[in-house]
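*Asks:* In my numbering, the protein residues as written are 17 to 454.
Structure below; questions to follow.
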Amino acid sequence: MMKIAVAGTGYVGLVAGVCFAEKGYQVMCVDIDEKKVEMMRQGISPIYEEGLEELMQKNNARGTLHFTTDYVEAYRDADAIFIGVGTPEMPDGSANLSYIATVSRQIAETVEKDCLVVVKSTVPVGTNDKVEQFIRDFLVHDVKVEVASNPEFLAQGTAVHDTLHAARIIIGTQSREAEETLKRIYEPFGLPIVSVKRRSAEMIKYACNDFLALKISYMNDIANLCELVGADITDVARGMSYDERIGARFLNAGIGFGGSCFPKDTKALKFLAREHGYQLKTVEACVDVNSAQKTRLFEKARERMITFSGLKAAVLGLTFKSGTDDLREAPSIDNLKLLLAAGASVYAFDPKGQERAKELFPQGKHPGGGTMNYVSSATEALEGAHICFVFTEWPQIREVAPGTFKEKMHTPLVYDGRNLYQPAQMKAAGVEYYSIGR
Ligand code: UDX
């Protein structure tokens with residue numbers, strides 16, 4: 017059986033490692049964080065992801081899954097090394113490749129047998145060529161190393177499912193040998209494989225993410241126009257969804273997209289285009305629409321209120337979407353900053369995101385006069401509130417009945433960034449209700 021090493025145990029690396037182990041490979045996952053590695057050895061996942069801990073524990077126990085901080089041990093005799101480290105956004109919007117470079121150097125200095133290095137991280141087109149050259153430049157032993165691109169399409173919250181049942185596996189290689197190796201690795205998954213050249217594979221990843229992001233920004237743009245012309249975006253989306261050329265998914269207008277991929281990958285592609293002297297106008301528009309969308313509801317509320325100072329604001333949902341504890345680029349962040357700076361007493365509820373939110377917005381007083389409080393249910397947040405914002409579509413929030421807003425809040429005024437409720441029902445319950453595009 018092939019030996020697989022995985023560099024980085026974030027969403028991409030950890031889920032890939034666990035799923036390879038599940039398919040019976042000997043997998044060694046490498047991370048620099050001692051504490052995290054120790055946790056993972058005990059079967060505790062550093063991220064909340066449905067089904068992940070079960071698979072970790074199962075494969076830890078049957079000896080297919082290992083965690084280490086010692087990259088030499090992991091890379092030395094691996095048949096394939098998957099790189100799944102982060103490529104965070106730089107201040108100018110470009111992708112930071114320093115983690116990729118560090119891992120490449122470590123690989124070059126430790127591999128003692130021929131191996132395939134597979135880049136799973138999202139990287140600008142052309143990076144795999146550089147990674148291959150870099151590794152070859154620094155190789156210590158006389159071995160053959162090739163680099164392949166194998167972008168990851170998992171969505172947070174459904175990461176394990178998305179990996180085991182992916183719509184397709186994209187592999188980008190420059191040689192028949194590398195192509196065969198990757199095809200063999202993925203054979204037990206039984207999924208459709210699209211085999212292309214390396215640069216095309218790198219581009220497929222950005223083209224997919226940015227297309228989906230564009231779809232969302234387009235719907236948000238249309239939603240804003242719907243408000244002005246008296247149409248309802250949820251009805252419009254329903255009407256559109258029957259056209260198979262458009263597709264029924266990712267048509268939900270709302271408070272804008274967040275997360276670790278769309279915001280970063282739209283900016284990175286825009287940057288890549290500019291670097292090549294091209295202006296990617298559609299993607300640039302998508303970024304602009306999204307940044308304005310995130311605070312549209314707050315702006316609406318600001319027009320309605322004299323002040324937020326001294327008001328109790330219920331905030332329902334903090335994570336960038338439901339099913340995850342991730343707050344990266346979440347619209348809630350932009351809005352909490354504004355609310356706290358405007359002096360509001362915020363009472364926030366999120367079923368999974370509160371721990372991470374506390375790191376960004378500690379409990380207590382904030383500059384500008386606002387205070388941050390965390391509560392353990394939606395109804396508790398609503399108790400005596402003067403205004404309520406909905407930022408995430410959690411089921412625990414969706415199930416709050418219109419009457420509960422009226423009953424619990426001091427003034428039933430709701431700004432819903434996820435269109436969770438029917439305007440007519442809210443009105444009938446006596447709630448002043450604002451949502452997106454209706
Ligand atoms: C995304 C891609 O789906 C995945 O293929 C890629 O590998 C990584 O990026 P993820 O960021 O986990 O995954 O979440 P996703 O479910 O795609 O949602 C991204 C953002 O768009 C969220 O903030 C979500 O709330 C928002 N969104 C999504 C909408 O506003 N409307 C929609 O219709 C769909």
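Using N, Cα and C, we set each Cβ at its ideal position, and we do this for glycine too.
#1: Short of 8 Å in beta carbon distance, which residues of its chain neighbour residue 48, apart from the five on each side in sequence? Order them along the chain.
#2: Using alpha carbons as the reference points, say which of 173, 228 and 288 lies closest to residue 268.
#3: Beta-carbon within less than 8 Å of residue 421's beta-carbon, same chain only, minus the 5 sequence neighbours each way: which residues are those?
#4: Quick one: what's residue 432 bridged to in DSSP?
#5: Does the distance from the CB of residue 45 to the CB of residue 22 come in under 8 Å?
#6: Measuring straight from C-alpha to C-alpha, what distance separates residue 284 and residue 316?
#7: Consider the C-beta atom of residue 230 and the heavy atoms of ligand 1; say whether any pair is separated by less than 7 Å.
#8: Taking the straight line between their C-alpha atoms, what separation do you get for residue 225 and residue 149?
#9: Taking one C-beta from the stretch 136-143 and one from the stretch 103-120 each time, how about it: are there three or more such pairs within less than 8 Å?
#10: Once you ignore the five residues that flank residue 213 on each side, which residues in its own chain have a CB closer than 8 Å to its CB?
#11: What is the DSSP secondary structure of residue 445, counted as helix, strand or coil?
#12: With respect to 7 Å, is the separation between the Cβ of residue 105 and the closest non-hydrogen atom of ligand 1 below this value?
#13: Hey, would you say the C-beta of residue 136 is under 7 Å away from at least one heavy atom of ligand 3?
#14: Using the DSSP secondary-structure output, state which residues sit across from residue 82 in a beta bridge.
#15: Tell me which residues share the same chain as residue 221 and place their Cβ nearer than 6 Å to its Cβ, disregarding the 5 neighbours each side in the sequence.
#16: Using the Cβ count rule (16 or more neighbours within 10 Å means buried), how would you classify residue 326?
#17: Taking one C-beta from the stretch 85-100 and one from the stretch 127-134 each time, how about it: are there three or more such pairs within less than 8 Å?
#18: Take residue 300 and list the residues in its own chain whose beta-carbon comes closer than 8 Å to its own, dropping the five residues that flank it on each side.
#19: Please report the straight-line C-alpha distance between residue 173 and residue 281, rounded to a whole angstrom.
#20: My parser needs the beta strand (DSSP E) runs of 3 or more residues fully inside the stretch 158-243; what are they?
#21: Consider the C-beta atom of residue 374 and the heavy atoms of ligand 1; say whether any pair is separated by less than 7 Å.
#22: Would you kindly work out how many angstroms separate the C-alpha atoms of residue 50 and residue 146, rounded to a whole number?
#23: Which residue from 308, 351, 17 and 176 puts its Cα closest to that of residue 26?
#24: For the stretch 232-251 and the stretch 67-82, state whether three or more C-beta atom pairs, one from each stretch, are separated by less than 8 Å.
#25: Is any non-hydrogen atom of ligand 1 found closer than 7 Å to the C-beta of residue 405, if you look at the structure I gave you?
#26: Hey, how far is the Cα of residue 249 from the Cα of residue 270?
*Replies:* Judging by the given coordinates:
#1: 85
#2: 228
#3: 398, 404, 428, 430, 442, 445 and 447
#4: 406
#5: yes
#6: 31 Å
#7: no
#8: 27 Å
#9: yes
#10: 188, 189 and 190
#11: coil
#12: no
#13: The model depicted lacks ligand 3 and carries ligand 1 instead.
#14: 44
#15: 138 and 167
#16: exposed
#17: yes
#18: 286
#19: 19 Å
#20: 161-165, 185-188 and 209-212
#21: no
#22: 30 Å
#23: 176
#24: no
#25: no
#26: 10 Å
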